């Protein structure tokens, strides 16, 4: 278990470096590269900054846990593994809170965190693309509420869990499974709805010389931006 933490912080550091580069490009695009006549998207800029702050704090928290485990508590009974098993430890609770918060918040159209699943803003983007039709996003919205509830349940379970009591570990596993299931379902449904909407608009208003390019165009538009004729983004 202790060795896996070293691998995870290594992978997270690489992905954070990629995200930092995307953050710089996003900020540059929002401030200086936007089309002439387009107003500054203050909401997107604030969300981008907030996402970056949360991601940076999350990485810093995980690094602090590595130092605490392998330096401060290296010679304690049970060693680093015993420290990582303390799920109610403040650093564990704080890092998990950041993870849940960013998972629910993330996924704006021009900013994404490579190692976290987007939810709230993906739902909002779907709402805009479908011309603010509430009924379209009603079910994904319910799933998002479920993700929020299960995220809170995970944090509560972390505070209450006893690693020596298998019943609590099983309950924590149920909370984690429910959280990722509802979040994943929300992302799949919203992405599919956005992709279908863009495909339908392109099919009606655009004609491509090569039909093989249409799937690629849908993927690019789904990940990058929405046509102004579909929604004012």
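Residue numbers (my numbering): 9 to 241. Yeah, the Cβ is synthetic: ideal placement off N, Cα and C, and Gly gets one too. Note that the coordinates shown come from a computational prediction; the quantities given were computed from them, not determined experimentally.
Integer-rounded CB distance, given that residue j should sit under 8 Å from residue i
i	j	result
residue 1	residue 69	Nothing can be reported for residue 1: it is not among the residues displayed for the chain, which extend from 9 to 241.
residue 151	residue 194	4 Å
residue 145	residue 129	Not really, about 12 Å apart at Cβ, beyond 8 Å.
residue 67	residue 24	5 Å
residue 38	residue 21	Residue 38 to residue 21, Cβ: 26 Å. No contact.
residue 205	residue 143	With a Cβ gap of about 14 Å, residue 205 and residue 143 do not count as contacting.
residue 84	residue 10	Not confirmed; about 12 Å, so no contact.
residue 180	residue 165	4 Å
Residue closest to residue i, alpha-carbon to alpha-carbon, out of the options
i	options	result
residue 99	189, 134, 77	77
residue 13	165, 108, 74	74
residue 71	203, 19, 86	19
residue 65	138, 87, 105, 142	105
residue 160	112, 89, 202	112
residue 107	210, 155, 141, 209	155
residue 200	94, 148, 34, 43	148
residue 32	53, 92, 16	53
Residue i vs residue j beta-carbon contact at 8 Å
i	j	result
residue 167	residue 59	no
residue 63	residue 110	yes
residue 202	residue 140	no
residue 209	residue 184	no
beta-carbon residue i near the ligand COA non-hydrogen atom, thresh 7 Å
i	result
residue 51	With respect to the ligand COA, the structure offers nothing, as it holds no ligand at all.
_Suppose only complete runs of 4+ residues qualify. What are the alpha helix (DSSP H) ranges in the segment 72-144, listed by chain order?_
87-92, 98-113, 128-137
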